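Be aware that the sequence shown starts at 38, since it is given in the working numbering, and climbs by one per residue.
We put the CB at the ideal spot given by N, CA and C, even for glycine.
The structure presented is a predicted model; accordingly, all values stated were derived computationally and were not measured.
Here's the structure we're looking at; comments come further down.
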Amino acid sequence: MDVTIFGSGYVGLVTGVCLAEVGNRVLCIDVDPAKIALLNSGGVPIYEPGLDELIKQNREAGRLTFSTDAEEGVRHGLFQFIAVGTPPDEDGSADLQYVLAVARSIGEHMDAYRILVNKSTVPVGTADKVAAAVRDAQAARGAAVEFDVVSNPEFLKEGAAIEDFMRPDRIIVGTDNPRTGELLRALYAPFNRSHDRVMLMDVRSAELTKYAANAMLATKISFMNELSNIAEAVGADIEKVRVGIGSDPRIGYQFIYPGCGYGGSCFPKDVRALERTARSLGYDPQLLHAVEAVNFRQKDLLFKKIHAHFNGDLQGRTIAVWGLSFKPNTDDMREASSRVLMESLWEAGAKVQAFDPVSMPETQRIYGERADLALVEDAVSALEGADALAVLTEWAQFRSPDFRKIKDTLKAGVIFDGRNILDGHLATATGLTYISIGRLPMTAQ
Ligand code: UDX
């Protein structure tokens with residue numbers, strides 16, 4: 038089948054390459070000429086495991102092409118995927134200007150039936166706005182060509198996006214036209230083998246499902262983070278509590294890891310946008326508001342612990358930071374906890390010496406050259422000349438460090454573990470002070 042994808046960002050590229058991999062002819066459109074030039078010369082603008090190899094294979098097979106020409110895109114595919122950004126507005130609601138610009142462009146150029154498939158995370162009611170934009174653009178040139186708008190939210194996890202697309206646990210298709218639903222079912226058939234994962238529903242329910250899933254997961258994390266602070270206050274160990282409650286299948290072990298807050302492109306933005314939608318309709322979403330508020334406070338927790346440990350005197354100190362991305366296996370720094378920590382440390386007069394396996398170029402891009410930030414080539418180098426170590430991202434390679442080396446190198450011999458991934462007893466046995474999230478002070482065992 039012929040598929041056009043508008044937006045060659047994270048979701049668009051993953052969707053495009055996976056649809057090409059199963060034999061469709063996919064044309065990816067983006068307004069950014071530099072990005073398209075990069076893709077056409079074999080480069081990949083984002084880091085995602087497996088993505089570059091799949092792009093290469095499918096380009097070579099002629100199933101995957103890239104262009105800036107929207108008109109060509111509209112001509113190409115029966116399916117017109119919209120996978121452009123919906124950055125938060127100043128008030129936290131999703132900014133639809135890019136989604137609606139694509140809709141207008143489709144309306145301007147379409148001369149045969151088209152299915153607009155919305156993959157961008159958009160507020161409930163957006164499909165109607167997309168349809169109106171297409172109709173307006175058609176009316177402006179005196180055309181009235183048939184089309185449908187489908188909501189098909191993505192549930193990709195950064196770092197595992199290819200796998201998530203190839204083996205989805207659900208494929209949500211929101212449409213008010215059963216015939217369109219069947220066409221989408223056919224497009225997704227290669228990913229829908231062992232049992233039927235396609236869930237057909239009305240457009241608005243599909244739009245809300247995406248927000249509901251992310252808000253639920255964010256709620257689990259904020260709940261655990263709140264509990265971790267209570268655990269510290271009462272002298273309990275949140276890691277014991279986590280295992281204790283996770284064993285109840287109704288609760289489950291996933292997404293109950295306490296830490297220095299959630300980041301990324303989805304949770305913070307989607308929780309805020311859903312809150313905003315509810316408020317705009319006159320409903321006060323107290324739980325959603327608290328989920329965001331708890332996360333905001335949690336992102337500041339590591340700085341508070343460091344500040345308290347050094348009695349408020351951080352001027353001239355150097356803090357080693359392990360992990361900059363919002364989670365492992367991505368270079369994404371959006372809303373990353375590391376940014377909150379680094380910015381607070383700088384404000385307090387401290388220097389940061391950081392290492393991350395993939396997101397140092399991204400960090401450099403965001404912060405540029407500055408005297409109080411050194412990006413170093415490995416985890417051990419980050420320790421040199423530093424007073425303390427802060428662990429911000431749960432990369433596998435940070436899990437079993439050489440505590441003796443850390444003890445010998447750090448001036449103040451203290452580790453702040455923002456993800457509870459290190460063996461605190463071992464650290465303590467080496468003579469280090471180990472400070473983590475929601476746990477009693479460690480003693481050597
Ligand atoms: C998320 C959803 O999981 C995905 O389904 C949706 O499509 C997009 O948003 P992603 O943002 O890639 O995916 O990351 P995820 O793995 O969900 O982690 C989000 C954040 O929560 C990270 O900062 C992570 O460190 C944090 N987290 C996760 C916790 O603090 N504790 C946990 O128990 C789990």
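When the five nearest sequence neighbours on each side are left out, the beta carbons in the same chain lying within less than 7 angstroms of the beta carbon of G450 are those of K444, G468, L469, T470, in order along the chain.
Take D213, set aside five residues on each side of it, and the residues of its chain with a beta-carbon closer than 7 angstroms to its own are D239, V240, in chain order. Residue burial is scored here from C-beta neighbours: Y47 has at least 16 other C-beta atoms within 10 angstroms and is therefore classed as buried. Closest option to I119, judged by alpha-carbon separation, among G422, I66, F202, L88: I66. Comparing alpha-carbon positions, the option among L382, V428, N366, V389 lying closest to Y84 turns out to be N366. Secondary-structure assignment with DSSP links N77 through no beta bridge to anything. Note: R151 is bridge-paired with F184 in the DSSP secondary-structure output.
Three or more pairs of CB atoms, one per stretch, sit closer than 8 angstroms, so the region 353 to 360 contacts the region 389 to 402. For the 9 angstroms CB-CB criterion, V40 and G114 form a contact.
Taking the CA atoms as reference points, F340 sits about 12 angstroms from G298. Relative to the ligand UDX, the nearest heavy atom lies less than 8 angstroms away from the CB of T367. Secondary structure note for V161: it is in no alpha helix (DSSP H), with a DSSP letter that is neither H nor E.
For M379, DSSP assigns no beta-bridge partner whatsoever. Each residue's CA atom was taken as its position, placing A181 and R141 some 13 angstroms apart.
When DSSP states are grouped into helix, strand and coil, G211 belongs to the strand group. By the Cβ neighbour-count rule, E399 is buried, with 16 or more other Cβ atoms within 10 Å of its own. Taking a 10 Å sphere around the C-beta of F43, we find 16 or more other C-beta atoms and assign the residue as buried. CA-CA distance, G301 to M147, rounds to 35 angstroms. In this structure, A250 has its beta carbon less than 8 angstroms from a heavy atom of the ligand UDX.
In terms of side-chain proximity, the C-beta atom of L459 is found no nearer than 8 angstroms to any non-hydrogen atom of the ligand UDX. One alpha carbon belongs to S473, the other to G162, and they sit about 43 angstroms apart. Nearest Cα to D132 within the set N95, S157, E109: S157. Taken in chain order, the complete alpha helix (DSSP H) segments of 4 or more residues contained in the region 66 to 131 are 70 to 77, 88 to 97, 107 to 113. Taking the Cβ atoms as the reference, V63 lies roughly 5 angstroms from G53, within the contact range of under 8 angstroms.
Straight-line spacing of the CA atoms in A270 and S374 works out to 23 angstroms. Using a Cβ distance threshold of 9 angstroms, I356 and K388 count as a contacting pair. Distances from the CB of R456 to the heavy atoms of the ligand UDX include at least one below 8 angstroms.
Straight through space, the alpha carbons of A330 and N266 are spaced by roughly 14 angstroms. A direct Cα-to-Cα measurement between I275 and L429 gives close to 18 angstroms. Across the structure, I258 and I288 are spaced so that their CA atoms are roughly 12 angstroms apart. In this structure, R172 and Q117 do not form a Cβ contact; the two beta carbons are roughly 15 angstroms apart against a cut-off of 8 angstroms.
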